[in-house]
Amino acid sequence: MAAPRPTTDVVGALGTDRRLLRLEPAARSTPRLRPRERVSRGMGPGIALSLLPALVLFGTFFVIPFVVLVYTAFHKWDVVELSYVGLGNFRFLFEDPVFWQALRNTGIYAALGVFVHVPLACVVAIILSQKPKGWRLFRVVFFLPNVVSFVAFATVFLVVYNARYGLLNQVLDYVGVESLQRDWLFDVKTALPAVAATYVFAIGAIMLLVMAEIASIPRELYEAAEVDGASRLQRHLYVTVPLLRNVIGTIVLLSLIGTLALFDAAYVLTSGGPNNATLTVSLYAFQNYVIGDWGYANAVGCFIVVSGLFVILTVRRIFRIGERDV
Amino acid sequence: MRWASRGASKGSRLAVALMAAALIAVASGSASRAAHQGNVITLTIGADTITNVTTNTFAKYRNQSVVDFNKKYAGRIQIKILPNLAAPPDQTLSRMALRRSLPDIFLTSGAVLRKLSGVGGRGTIMDLAPHLRRDKKWMSSFHPGIFDHFRGSRGGILAVPEERDVIGVFWNKELFRKAGISTFPTTWSAFEQALARLKATGVIPVAMDGDWSTLLWWANYIGTQPGGADLLEAGLTPAAFSKAPVVRATEWVKRLHTSGYVNQDAFTGNFANAETPFLTDQAAILANGPWEVPYGIKGPNASTDLYSRVDYAPSPGSGIIVVPGQGWAIAAKTPAKRAAALLYLRFITTRAQVWKRLLITASFPMIKMKFTAAQKAKLEPLTLRLVEKSTTLKHVYPAYFQATPAGFNTVWKNYWPAYVQGQLTTRDFLARLADAVKQGS
Chain A
4 MAAPRPTTDV VGALGTDRRL LRLEPAARST PRLRPRERVS RGMGPGIALS
54 LLPALVLFGT FFVIPFVVLV YTAFHKWDVV ELSYVGLGNF RFLFEDPVFW
104 QALRNTGIYA ALGVFVHVPL ACVVAIILSQ KPKGWRLFRV VFFLPNVVSF
154 VAFATVFLVV YNARYGLLNQ VLDYVGVESL QRDWLFDVKT ALPAVAATYV
204 FAIGAIMLLV MAEIASIPRE LYEAAEVDGA SRLQRHLYVT VPLLRNVIGT
254 IVLLSLIGTL ALFDAAYVLT SGGPNNATLT VSLYAFQNYV IGDWGYANAV
304 GCFIVVSGLF VILTVRRIFR IGERDV
Chain B
2 MRWASRGASK GSRLAVALMA AALIAVASGS ASRAAHQGNV ITLTIGADTI
52 TNVTTNTFAK YRNQSVVDFN KKYAGRIQIK ILPNLAAPPD QTLSRMALRR
102 SLPDIFLTSG AVLRKLSGVG GRGTIMDLAP HLRRDKKWMS SFHPGIFDHF
152 RGSRGGILAV PEERDVIGVF WNKELFRKAG ISTFPTTWSA FEQALARLKA
202 TGVIPVAMDG DWSTLLWWAN YIGTQPGGAD LLEAGLTPAA FSKAPVVRAT
252 EWVKRLHTSG YVNQDAFTGN FANAETPFLT DQAAILANGP WEVPYGIKGP
302 NASTDLYSRV DYAPSPGSGI IVVPGQGWAI AAKTPAKRAA ALLYLRFITT
352 RAQVWKRLLI TASFPMIKMK FTAAQKAKLE PLTLRLVEKS TTLKHVYPAY
402 FQATPAGFNT VWKNYWPAYV QGQLTTRDFL ARLADAVKQG S
């Protein structure tokens with residue numbers, strides 16, 4: 004007796020078991036699905052249900068506020084009225100010298116972030132990655148400011164910079180340069196550097212990220228460079244730094260975005276003064292919100308969003324974030 | 002009932018019948034209570050701070066006054082305390098006015114009330130003037146001019162003030178004595194001479210903070226100039242910033258800085274930076290309200306026995322800042338509720354309630370009161386003397402914050418250091434303040 008001829012590969016794979024062969028017509032009646040599709044169809048409602056809380060939260064706290072932000076930016080919106088003004092808020096924004104000053108200040112804060120804060124953190128990270136004596140202690144010391152809330156941190160600097168009893172002026176007095184003493188936060192010339200100094204030297208978080216990335220660089224690359232006669236500086240310059248491109252790009256991006264949203268340092272220390280010398284774009288938006296000009300404040304908010312998108316796209320392109328060198 | 006009709010036992014049916022009867026009884030009881038409650042007028046009351054917390058004496062009294070009122074009018078009127086108004090309270094009230102959901106009784110400043118009366122439409126805020134006119138006894142019980150800050154745009158009275166506090170100048174008699182001065186100067190020229198002599202002894206003549214305390218001096222100088230008190234009374238309009246009293250006051254306060262008569266950290270906007278040198282005998286003069294006595298001069302941060310070395314004086318130029326604080330306004334909609342709310346305003350302006358408030362808050366009342374010797378013994382003598390003196394002074398005027406819109410301080414703090422450092426001219430500085438007033442009002 005000839006063996007029954009299987010009609011499909013599945014049957015063939017199962018051999019000649021007739022109990023299994025009886026399943027064949029049913030299997031034919033449904034379309035063939037790849038395993039992943041089968042899972043998706045079966046669990047669809049479950050997945051949708053589990054996503055629902057996240058979607059509700061995302062909608063409530065991002066989509067709706069964002070839509071309100073954009074919509075009201077084109078309106079005069081205060082406690083009394085909501086009336087369409089077209090580009091009126093934006094026109095006023097670009098004509099307001101205070102906004103331009105806030106933008107210029109934000110640019111300076113950003114430049115200090117990118118050209119002082121990030122490089123300083125990278126240099127410290129590279130040094131500590133060599134594990135010199137006491138590196139663990141230094142790592143903790145550098146990271147400590149990140150454990151404290153920034154508002155509390157800035158409040159400490161209010162005392163450091165105080166003109167009458169501040170630590171900085173007392174140190175200057177102690178070392179015999181009383182002539183340099185001043186009201187650091189309320190002197191128009193020194194206010195911005197004084198505010199920037201509170202966060203530019205708080206490098207702990209970036210330092211840790213860079214140290215983690217350095218730890219993942221294969222030792223062999225350094226050994227090969229050493230064999231080729233590269234000095235220690237050259238090894239870091241031509242091996243470490245290029246391989247940190249992704250993390251540095253990410254840090255620069257975070258730093259710039261952080262600067263666009265910079266608020267707490269200027270608010271706590273100077274409220275944006277004196278004479279708007281420390282005012283940031285975010286603080287400018289806040290000030291307009293406080294006086295009840297909500298539509299205009301949201302126009303500033305829109306400007307911040309667009310600037311943020313521009314920063315993200317530009318930095319991603321410059322640093323090719325996410326790409327791997329082959 | 003469906004399950005009972007499907008062949009349930011007799012016992013079950015009986016249970017169901019009993020339950021139904023009980024439900025009917027409960028429902029009818031509620032209805033009769035509701036009918037009884039229909040006679041009780043329920044009002045709502047709101048303020049920036051009104052919930053009972055021990056750290057805020059003003060909130061504590063407000064809460065207590067409602068409790069006392071509800072007790073007195075039990076079965077007829079009940080006032081329900083709303084949670085503290087969300088910050089900033091003026092915007093919260095504006096939003097409520099837009100929705101026509103203001104509390105029946107609420108507390109706010111005169112400037113906000115004028116704004117609100119335009120937000121919710123005419124008649125949102127009850128005009129108290131006709132009621133005060135009708136009840137002459139009630140009207141005459143108040144200090145003269147106390148309602149000026151609460152005048153509506155059409156001349157009505159929008160609120161009953163909460164208090165009548167005076168803000169004077171604390172001075173350290175011992176530091177003045179060391180400088181060879183025995184009394185507090187009564188003219189501005191004598192005051193400047195005193196500052197020079199105090200500076201020569203090595204103390205800080207005037208303690209300032211770049212905000213509250215600085216602006217009190219500014220208001221004092223404006224208020225004691227010819228026509229200055231009127232400018233403050235009318236609320237500083239943008240045009241007022243080019244008037245002589247304001248220009249002179251601005252330049253005078255600047256001169257205190259440039260002459261080295263103030264503390265080095267006089268721009269911080271933090272009152273503690275003005276208060277601390279005064280409390281520690283490093284500064285000779287501090288402008289502030291009477292609450293400085295219990296919380297500062299007699300407080301834990303003051304140097305030993307400072308109280309005995311301090312006196313409280315009116316401003317040089319024979320002037321005094323009088324603060325009516327915030328005012329209670331009525332936005333109840335029905336005539337019955339308005340009448341009930343008016344009863345509450347009368348209640349808190351009775352002598353018994355006012356005395357109770359004075360003891361709790363140490364803040365002096367909006368009505369004229371003659372204190373007995375026993376009562377005087379319970380009051381702070383420094384403040385009492387100044388309050389009594391305030392009725393005889395040449396110039397009486399409101400504080401800067403009653404004459405300017407919200408946000409004015411922020412603008413002042415921003416530009417004041419730059420102005421003092423010579424980065425702005427007086428004209429530019431005042432123009433920026435005028436812009437802030439224009440924008441905020």
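For the record, the sequence lines run as chains A and B.
Residues 4 to 329 (my numbering) make up the first sequence, in order.
Residues 2 to 442 (my numbering) make up the second sequence, in order.
Backbone N, C-alpha and C define an ideal beta-carbon position, used for all residues, glycine too.
What is the DSSP secondary structure of residue i, counted as helix, strand or coil?
i, result
"B/A26", "Model confidence at B/A26 stands at a pLDDT of 47, short of 50, so the residue's coordinates are unreliable and nothing is read from them."
"B/P162", "strand"
"A/I254", "helix"
"B/G441", "helix"
"A/T19", "Legend: pLDDT at A/T19 = 44, less than 50; position of this residue unreliable, value from coordinates given subsequently. Three-state result, A/T19: coil."
"B/G47", "strand"
"B/G169", "strand"
"A/Q237", "helix"
"A/A30", "Interpretation of A/A30 is limited by its pLDDT of 46, a score under 50 that renders its predicted location unreliable; the figure taken from the coordinates is listed afterwards. DSSP places A/A30 in helix when its eight states are reduced to three."
"B/T393", "coil"
"B/S214", "helix"
"A/V309", "helix"
"B/Q424", "coil"
"A/V293", "helix"
"A/K134", "coil"
"A/Y168", "coil"
"A/V191", "coil"
"A/A80", "The question names Ala, but residue 80 of chain A in the sequence shown is Trp. Strand, per DSSP."
"A/L90", "coil"
Chain E beta carbons: is any one of them nearer than 8 Å to that of residue i?
i, result
"A/F156", "The question asks about chain E, but that chain is absent: this structure's protein chains are A and B."
Below 8 Å on the Cβ atoms is my guess for residue i versus residue j; work out the distance and round it to an integer in Å.
i, j, result
"B/G169", "B/L387", "5 Å"
"B/I182", "B/A195", "5 Å"
"B/L199", "B/L159", "B/L199 to B/L159, Cβ: 44 Å. No contact."
"A/G298", "A/N172", "With 8 Å as the limit, A/G298 and A/N172 do not qualify as a contact, their Cβ atoms being about 44 Å apart."
"B/P1", "B/Y262", "Since the first residue of chain B shown is 2 and the last is 442, residue 1 of chain B is not available in this structure."
"A/I324", "A/N249", "6 Å"
"A/F118", "A/L131", "The Cβ separation is near 21 Å, so there is no contact."
"A/A264", "A/F153", "Actually they do not touch by this definition, with Cβ atoms about 12 Å apart."
Nearest to residue i by alpha carbon, out of the options?
i, options, result
"B/I322", "B/G119, B/M209, B/K395 and B/M97", "B/K395"
"A/L212", "A/G276, A/M46, A/Y287 and A/F145", "A/F145"
"B/D436", "B/W139, B/Q424, B/A180 and B/N410", "B/N410"
"A/V126", "A/S152, A/L286, A/I206 and A/R320", "A/I206"
"B/A1", "B/Y62, B/T109, B/A98 and B/K72", "The shown model of chain B, from 2 to 442, leaves out residue 1 of chain B, and the question about it has no answer."
"A/A199", "A/L131, A/Y177 and A/T283", "A/T283"
"B/L307", "B/G320, B/I331 and B/E276", "B/E276"
"B/V247", "B/T305, B/L431, B/T43 and B/T45", "B/L431"
"A/L90", "A/V293, A/A302, A/S310 and A/V178", "A/A302"
"B/E175", "B/A240, B/F279 and B/G157", "B/F279"
"B/F143", "B/V204, B/K116, B/T269 and B/V161", "B/V161"
"A/F189", "B/Q422, B/Q440, B/R433 and B/R428", "B/Q422"
"B/S319", "B/Y222, B/T281 and B/A60", "B/Y222"
"B/A98", "B/K116, B/P84, B/I286 and B/W253", "B/K116"
"B/I482", "B/A88, B/L103, B/I298 and B/T392", "Not covered by the structure: residue 482 of chain B. The range shown for chain B is 2 to 442."
"A/P122", "A/L247, A/F266 and A/T262", "A/L247"
"A/G110", "A/T281, A/R139, A/A300 and A/D296", "A/T281"
"B/T269", "A/S285, A/F160 and A/M210", "A/F160"
Taking only beta carbons into account, state which residues of the region 98 to 112 of chain B come closer than 9 Å to chain A, listed in chain order. A98 and L99
Hey, which unbroken runs of the alpha helix (DSSP H) at 4 residues or more fall wholly within the region 119 to 143 of chain B? 130 to 135 and 137 to 141
Residue ranges of each alpha helix (DSSP H) within the region 312 to 354 of chain B, 4 or longer: 336 to 349
Residues in the region 263 to 283 of chain A with C-beta within 9 Å of chain B's C-beta atoms, listed in sequence order? T273, S274, G275, G276, P277, N278, N279, A280 and L282
When you check each C-beta in the region 187 to 216 of chain B against every C-beta of chain A, which residues fall closer than 8 Å? G211
With 8 Å as the limit, tell me which residues of the region 174 to 193 of chain A have their beta carbon closer than that to any beta carbon of chain B; keep them in chain order. D186, L188, F189, D190 and V191
Taking a cut of 7 Å between CB atoms, which residues from the region 358 to 386 of chain B lie near chain A? none
What are the residues of the region 250 to 275 of chain B that lie near chain A, defined by any Cβ-Cβ distance shorter than 8 Å? N264, Q265, D266, F268, T269, G270, N271 and N274
Select from the region 293 to 308 of chain A all residues with a C-beta closer than 7 Å to any C-beta belonging to chain B, and list them in chain order. V293, I294 and G295
Starting from the N-terminal side, write out each stretch of the alpha helix (DSSP H) that is 4 residues or longer and does not extend beyond the region 72 to 109 of chain B. 90 to 99
Select from the region 411 to 427 of chain B all residues with a C-beta closer than 8 Å to any C-beta belonging to chain A, and list them in chain order. T411, K414, N415, Y416, W417, P418, A419, Q422, Q424 and L425
Just by C-beta distance, which residues in the region 104 to 127 of chain A are closer than 7 Å to chain B? none
Mind listing which residues of the region 240 to 259 of chain A have their C-beta closer than 8 Å to chain B's C-betas, in chain order? none
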